[in-house]
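Residue numbers (this note's numbering): 163 to 263.
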């Protein structure tokens, strides 16, 4: 299995490695400290922007994750998937708190 790299446009161009499928969506937290990525490997990853480390992997979708976004307060992540669901995740715990079909 190969690893897909997430490249963040930046004068120093940083790589974030961890997903095993194409990355479809990336979003920054409102405070700029975190990055969330959604992938064709059906996972969502939360990254520390400074260290480039994956701090949490969110699993629950059964098909490609097409979109991810932080809530305005940075406490929640909303994801949309080809499994025809939208999920709301608690950033601190990584728990899926709601699934909309």
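For every residue, glycine included, the Cβ atom is placed at its ideal position computed from N, Cα and C. On a predicted model such as this, the values are computed, not experimentally measured, just so you know.
### Message
Taking 8 Å as the threshold (C-beta atoms), are residue 227 and residue 189 in contact?
### Response
Taking 8 Å as the cut-off, the beta carbon of residue 189 is found no closer than this to the beta carbon of residue 227.
### Query
With a CB to CB cut of under 6 Å and the five nearest residues on each side skipped, what residues in its chain are close to residue 224?
Excluding positions up to five away in sequence, the list reads 245.
### Query
Excluding sequence positions up to five away, which residues of its chain have a Cβ less than 6 Å from the Cβ of residue 258?
Excluding sequence neighbours, residue 258 sits near 222, 249, 251.
### Task
Starting from residue 188, follow the beta strand (DSSP E) in both directions and report where the run begins and ends.
Start and end: 185-190.
### Query
So the beta strand (DSSP E) residue 258 belongs to, where does it begin and stop?
258-262 is the extent of the beta strand (DSSP E) around residue 258.
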